[in-house]
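Enquirer: Residue numbers for the sequence shown follow the working numbering, beginning at 966 and rising by one.
Using N, Cα and C, we set each Cβ at its ideal position, and we do this for glycine too.
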Amino acid sequence: MACAGSSRLCVRVQEKLLLCQWGHAQASRRRAASTTTAAATSLVQNAASVGFKPFRIPFAYDQPQCLVSAAMTASSSCLHPCNRPEVLTTATRRNFATMRTQQPGSMPEYQVDPYLLLDDDLKDVYGYIRQALRRNTYQEELHEIATYYFDGQGKAIRPMVAILVARAINYHMYKENSGLLTSQREVAMISEMIHTASLVHDDVIDQSDFRRGKPSVNVMWNHKKVTMAGDFILAVASMMIAKLRNDDVTLVLSQVITDLVQGEFMQLGSKETENERFAHYLTKTYRKTASLIANSVKSVTMLAGADEELAEVAYQYGRNLGLAFQLVDDLLDFVSSSAAMGKPTAADLKLGLATAPVLFACEKYPELNPMIMRRFQEPGDVEKAFELVHKSRGLEQTQFLAKQHCQEAARLANLIAESPYQKGLVVAADYVLNRMK
Ligand code: FPP
Ligand code: MG
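(1) Taking the straight line between their C-alpha atoms, what separation do you get for residue 1081 and residue 1121?
(2) Provide the residue span of the alpha helix (DSSP H) that contains residue 1164, from first to last.
(3) Got a list of residues with beta-carbon closer than 5 Å to any non-hydrogen atom of the ligand FMN, in chain order?
(4) Kindly examine the ligand FPP and report whether one of its heavy atoms sits closer than 8 Å to the Cβ of residue 1316.
(5) When DSSP builds the beta bridges, which residues end up paired with residue 1179?
(6) Would you mind reading off the limits of the alpha helix (DSSP H) that contains residue 1298?
(7) In whole angstroms, what is the alpha-carbon distance linking residue 1361 and residue 1308?
(8) Sorry if obvious, but does the Cβ on residue 1163 come closer than 8 Å to a heavy atom of the ligand FPP?
(9) Of all the options 1399, 1347, 1182, which has the alpha carbon lying nearest to the alpha carbon of residue 1113?
(10) Which whole-angstrom value describes the C-beta separation of residue 1260 and residue 1220, a residue pair presumed to lie in contact below a C-beta threshold of 8 Å?
(11) Could you tell me whether any non-hydrogen atom of the ligand FPP is closer than 8 Å to the CB of residue 1294?
(12) Find out if the Cβ-Cβ distance for the pair residue 1396, residue 1356 is shorter than 9 Å.
(13) Could you work out which residue in 1236, 1385, 1252 is closest to residue 1077 when comparing CA atoms only?
(14) Which residue wins for smallest C-alpha separation from residue 1265, given the options 1163, 1169, 1145, 1350?
(15) Let's see if you can read the secondary structure: which residues bound the alpha helix (DSSP H) around residue 1309?
(16) Can you confirm whether the segment 1319-1338 touches the segment 1245-1263 when touching is taken to mean that 3 or more C-beta pairs between the two stretches lie within less than 8 Å?
(17) Do the segment 1279-1294 and the segment 1372-1386 meet, that is, are 3 or more Cβ pairs less than 8 Å apart?
(18) Tell me the DSSP secondary structure of residue 1080 in three-state form.
(19) When you compare only the Cα positions, how much space is there between residue 1294 and residue 1124?
(20) At a cut-off of 8 Å, is residue 1188 close to the ligand FPP when judged by its beta-carbon and the heavy atoms of the ligand?
(21) How is residue 1114 classed by DSSP in three states: helix, strand or coil?
(22) Going residue by residue through the segment 1209-1236, where are the continuous alpha helix (DSSP H) segments of at least 4 residues, counting only ones entirely within it?
(23) Distance check for residue 1093 and residue 1159, CA to CA, integer angstroms please.
(24) Please report how far the alpha carbon of residue 1290 lies from the alpha carbon of residue 1170, in whole angstroms.
(25) List, from N- to C-terminal side, the alpha helix (DSSP H) runs of 4 residues or more that fit wholly inside the segment 1315-1370.
(26) Could you give the first and the last residue of the continuous alpha helix (DSSP H) run that contains residue 1268?
(27) Flag this pair as yes or no: are the beta carbons of residue 1153 and residue 1131 separated by less than 9 Å?
(28) Please state the DSSP three-state secondary structure of residue 1143.
(29) Nearest to residue 1096 by CA position, among 1087, 1108, 1213, is which residue?
(30) Is DSSP giving residue 989 helix, strand or coil here?
(31) Please find out if some non-hydrogen atom of the ligand FPP comes closer than 8 Å to the beta-carbon of residue 1116.
(32) Would the beta-carbon of residue 1119 be found less than 8 Å away from any heavy atom of the ligand FPP?
(33) Please classify residue 1192: does DSSP put it in a helix, a strand, or coil?
(34) Report the rounded CA-to-CA distance for residue 1239 versus residue 1327, giving the unit in angstroms.
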């Protein structure tokens, strides 16, 4: 049964999805058109078969503990490590606390949890990054600023996904003879470093005041020093890329940096028509968020010696996961609390940004169009737009689109040989969709 009671909603979301797939196909001439066409067709077929059930965004977003208890009670027999406190390290406990599902009772009976599975790999990532930064400067203040966000309080989604894909692909290719390569672990670190360098710069640009539950870096130090600290993290990451001595991987990871800058730059502009605007938003989202995840997992796959076809599966997995991650982020900006997110919410409108929930809401409330064009600058714009988004179906349409990308990511993960890591990839897609912060 296709989209009972929500056929118009489904059709609109599928259109956006096609736009995204095709937009990406055009942008990436290197990829065979047939692969992308097949992926787009399969996405639309999937969308038609999901039987979308409208869901109400729960008000209790800012009460994670009570939702967590409900979810845990609902799945008491599962192997979820939070039901087995004896096996949790501090790092794992922290990570589980960050990736809670938002819908009580909806948590699947996970057979594998990626954070627990990768506990040994992940526990040292931040320590190694801090060491790499330490090795490259004797200037105490520069080191202090550059390491400020490497305090282990992030979700570590990028290193987690990179290592998970690496181990899943290694098993797919070499079965029990596989292990994580040092170069693959380096890519996981590089990925987190590029991400953090971009956040450091982003906090200066956005004049942020709060991130990861503490004052943001630009509040602690002046903008000149913070900008240079971001450059420094990126420079050390670039040296680590060079040390991999793999030209193809160097190209792929350098592409990420160009994408990040271009994505951030695109965010400063806006488009006139509704379709142009959505295409602009999706390309920006790919460049700002999905490219890093997609190209990091492609890199670890290339380092395993995989052929192009397998590298493409990994890349598409990361791309879909990354797009979903940002869509959920844009959704959470409207429905979550600053306390839950550890950073300001309801922030995008104030920054002049029209993200998916607003773009969808425009269909029902065209009065949002002039507000988007003036970047919500007139008095009352932010409040009015916020209200209209909540009155529209923009939030559930955004969630539906994210769900489509997560389902596509899971489908791609299922093309890889079965192993705990491969199962972890499917679970990771579910985490991204249902995360609360
Ligand atoms: C967070 O966005 C920002 C990014 C994902 C990327 C920012 C990219 C740059 C500043 C370009 C420079 C790049 C490098 C590598 C130095 P957000 O503001 O939507 O999210 P937030 O709410 O977490 O701040
Ligand atoms: Mg920001």
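Expert: In short:
(1) 13 Å
(2) In this chain, the alpha helix (DSSP H) harbouring residue 1164 covers 1147-1171.
(3) Because the ligand FMN does not appear in the structure shown, any question about it cannot be addressed here, the ligands present being the ligand FPP and the ligand MG.
(4) Shortest gap from the CB of residue 1316 to any heavy atom of the ligand FPP: under 8 Å.
(5) 1176
(6) 1273-1300
(7) Cα-Cα distance, rounded: 23 Å.
(8) yes
(9) Checked all of 1399, 1347, 1182; the closest Cα to residue 1113 is 1182.
(10) With a Cβ gap of about 6 Å, residue 1260 and residue 1220 count as contacting.
(11) yes
(12) no
(13) 1385
(14) Out of 1163, 1169, 1145, 1350, 1145 has the C-alpha closest to the C-alpha of residue 1265.
(15) Here residue 1309 belongs to no alpha helix (DSSP H), and DSSP marks it neither H nor E.
(16) yes
(17) Yes: the two stretches touch, three or more of their Cβ pairs being nearer than 8 Å.
(18) helix
(19) 18 Å
(20) Result no, Cβ not under 8 Å from the ligand FPP.
(21) coil
(22) 1212-1231
(23) 15 Å
(24) 22 Å
(25) 1321-1329, 1333-1338, 1346-1356
(26) 1256-1268
(27) Yes, the Cβ-Cβ distance between residue 1153 and residue 1131 is below 9 Å.
(28) coil
(29) 1108
(30) Residue placement at residue 989 cannot be trusted, given a pLDDT of 41 that sits under 50; the coordinates are not used to answer.
(31) no
(32) no
(33) helix
(34) 8 Å
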